[in-house]
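Participant: Sharing a structure below in C-alpha cells format, with a few things to ask.
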Amino acid sequence: MSIPFSSFIGVEVCPDRSRPFTFAVIDAERVIRSLGTGELQDAFAFLAGQENALVAINAPRPPRKKSETGQDKTTNRKRTAEAELTKRGVSFEHTPGTLKRCPRWMQLGFRLYEELEGLGYQVYPHQDAERQLFECRGEASFWNLLGHEPLKKDSLEGNIQRQLVLGMCGLPVPDGMQFFEEITRHRILHNRLPLEQLYSSAELNTLAAAYCAWVAGNQPKQLESIGRAEEGLIHLPGQAVVTGMRD
Numbered sequence: 001m002s003i004p005f006s007s008f009i010g011v012e013v014c015p016d017r018s019r020p021f022t023f024a025v026i027d028a029e030r031v032i033r034s035l036g037t038g039e040l041q042d043a044f045a046f047l048a049g050q051e052n053a054l055v056a057i058n059a060p061r062p063p064r065k066k067s068e069t070g071q072d073k074t075t076n077r078k079r080t081a082e083a084e085l086t087k088r089g090v091s092f093e094h095t096p097g098t099l100k101r102c103p104r105w106m107q108l109g110f111r112l113y114e115e116l117e118g119l120g121y122q123v124y125p126h127q128d129a130e131r132q133l134f135e136c137r138g139e140a141s142f143w144n145l146l147g148h149e150p151l152k153k154d155s156l157e158g159n160i161q162r163q164l165v166l167g168m169c170g171l172p173v174p175d176g177m178q179f180f181e182e183i184t185r186h187r188i189l190h191n192r193l194p195l196e197q198l199y200s201s202a203e204l205n206t207l208a209a210a211y212c213a214w215v216a217g218n219q220p221k222q223l224e225s226i227g228r229a230e231e232g233l234i235h236l237p238g239q240a241v242v243t244g245m246r247d
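Mapping of the sequence shown onto my numbering: position 221 corresponds to residue 221, and the numbering continues sequentially without gaps.
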C-alpha cells in the first residue's frame, strides 16, 4: 500500500440495544489511543473526525442489490467468504440475502458502511485514499491468530485467552495471567473477582479488528483475504502468533 496510515481502527457491532458499537484506535506503534462504546451516531461521529485511517469493521457489508430481472441471487446462497469460514469451523451469524431478514445489529452495520462511504471512505485496498475500510470478523481473527479454535466466547477463560493473544500481537494490554495471581480464597467467597484488568468480549473483538487494520496497513502480505470481490471480501490476520509454543 502507498498510503502511510496513522490510525488503525476496529469497530465491533453487536446486538446490545443501548450501545451496539464498540470502537478502538491503535497507532502505528500499536499503542491503544482510544476505546469506547456507543450508538450508531457515536460511531459515525468518531469515524467522521478521522483524517487518515484504515478501519476494520466486524460486521457484514450490505447484501448485493437485486439484479435487473428483480431476482436476488444471494437469498438462498451463502457468501463465499462466509461459507469458507463455516467450513473452517468458525461460528457466527450468517448474512441473509435480503435486508428485511437481517437482524437489527446487522442493519446498523449496513448503515455505518453506507454513511462512511458517503463521507468518502473507500473500500480497502485503494491506491491513494486517506480513509479506507474493510470487513473483518473478530472471532475468525482469533481463530487465525491462535492457529486453532479459541476457548468459548464470552467465558472467563475465553476472554483471558484472547487478551493473551492480543498481547502477543504487540498490543499493550494487561497480562491476562495477572488475573490468576490476584485470586484469593477471600475474593472467591465474597464474589470479588479481579476483573478490572480484563476486557469484555466486545472490546477484545474490537481490538482484534484494530490489529487486523494495522496488519493491512503495515504488513499486507500477512493479511488473509477470503471470498469473492463481487460479494465482499473478509480480511483477517493471516499469521498465527501461538503456533509452536510449549507450556
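Virtual Cβ for every residue (Gly too), placed ideally from N, Cα, C. Quick caveat, the model's predicted, so the values are computed rather than measured.
1) Please return the same chain residues whose Cβ sits closer than 7 angstroms to the Cβ of Gly262, not counting the five positions on each side in sequence.
2) Which residue wins for smallest C-alpha separation from Thr243, given the options Met168, Ala210, Gly176 and Gly147?
3) Expressed to the nearest angstrom, what Euclidean distance is found between the alpha-carbon atoms of Leu116 and Gly10?
4) Report back the beta-carbon spacing between Leu223 and Ala229 to the nearest angstrom; my notes put them in contact at under 8 angstroms.
5) Could you tell me which whole beta strand (DSSP E) segments of length 3 or greater appear in the stretch 54 to 139?
6) For His235, count neighbouring Cβ atoms within 10 angstroms of its own Cβ and tell me buried if that reaches 16, exposed if not.
7) Taking a contact to mean a Cβ-Cβ separation below 8 angstroms, would you say Arg61 touches Gly227 in this structure?
8) Taking the alpha carbon of Phe44 as the point to measure from, which residue in His186, Met177 and Tyr113 has its own alpha carbon closest?
9) Looking at Asn144: is its Cβ nearer than 8 angstroms to the Cβ of Leu198?
10) Which of helix, strand or coil does DSSP assign to Phe180?
11) Which whole-angstrom value is the C-beta distance of Asn52 and Ala209, which I expect to be below 8 angstroms?
12) Quick check: what's the CA-CA separation for Arg33 versus Ser6?
13) According to DSSP, what are the bridge partners of His235?
14) Figure out for me which residue from His186, Thr206 and Gly176 has the closest Cα to the Cα of Leu195.
15) How is Ala48 classed by DSSP in three states: helix, strand or coil?
Facilitator: Taking the coordinates as given:
1) The shown model of the chain, from 1 to 247, leaves out residue 262, and the question about it has no answer.
2) Stepping through the sequence shown from its first residue, residue 243 is reached at position 243. Among Met168, Ala210, Gly176 and Gly147, the Cα nearest to that of Thr243 belongs to Gly147.
3) Numbered from its first residue, the sequence shown carries residue 116 at position 116. Numbered from its first residue, the sequence shown carries residue 10 at position 10. Answer to the nearest angstrom: the Cα atoms are 14 angstroms apart.
4) In the sequence shown, counting from the first residue as 1, residue 223 sits at position 223. In the sequence shown, counting from the first residue as 1, residue 229 sits at position 229. 15 angstroms between Cβ atoms; not a contact.
5) Look at the stretch 54 to 139 and you find these whole runs of beta strand (DSSP E), each 3 residues long or longer: 131 to 135.
6) Within the sequence shown, numbered from 1, the residue matching residue 235 stands at position 235. Buried: at least 16 other Cβ atoms inside 10 Å.
7) One-based indexing of the sequence shown puts residue 61 at position 61. One-based indexing of the sequence shown puts residue 227 at position 227. Cβ distance not < 8 angstroms, so Arg61 and Gly227 don't count as in contact.
8) As a position in the sequence shown, residue 44 is number 44, starting the count at 1. From the listed residues His186, Met177 and Tyr113, the smallest Cα separation to Phe44 is found for Tyr113.
9) Position 144 of the sequence shown holds residue 144. Position 198 of the sequence shown holds residue 198. It is not a contact, given that the beta carbons lie outside the stated cut-off.
10) Taking the first residue of the sequence shown as 1, we reach residue 180 at position 180. Helix, per DSSP.
11) Locating residue 52 in the sequence shown gives position 52, counting from the first residue. Locating residue 209 in the sequence shown gives position 209, counting from the first residue. 18 angstroms between Cβ atoms; not a contact.
12) Position 33 of the sequence shown, counted from the first residue, corresponds to residue 33. Position 6 of the sequence shown, counted from the first residue, corresponds to residue 6. One Cα belongs to Arg33, the other to Ser6, and the distance between them is close to 11 angstroms.
13) For the purposes of this step, residue 235 is taken as the residue at position 235 of the sequence shown. Paired residues: Ser225.
14) For this step, residue 195 is matched to residue 195 along the sequence shown. Answer by Cα proximity: Gly176.
15) As a position in the sequence shown, residue 48 is number 48, starting the count at 1. Residue state, collapsed to three classes: helix.
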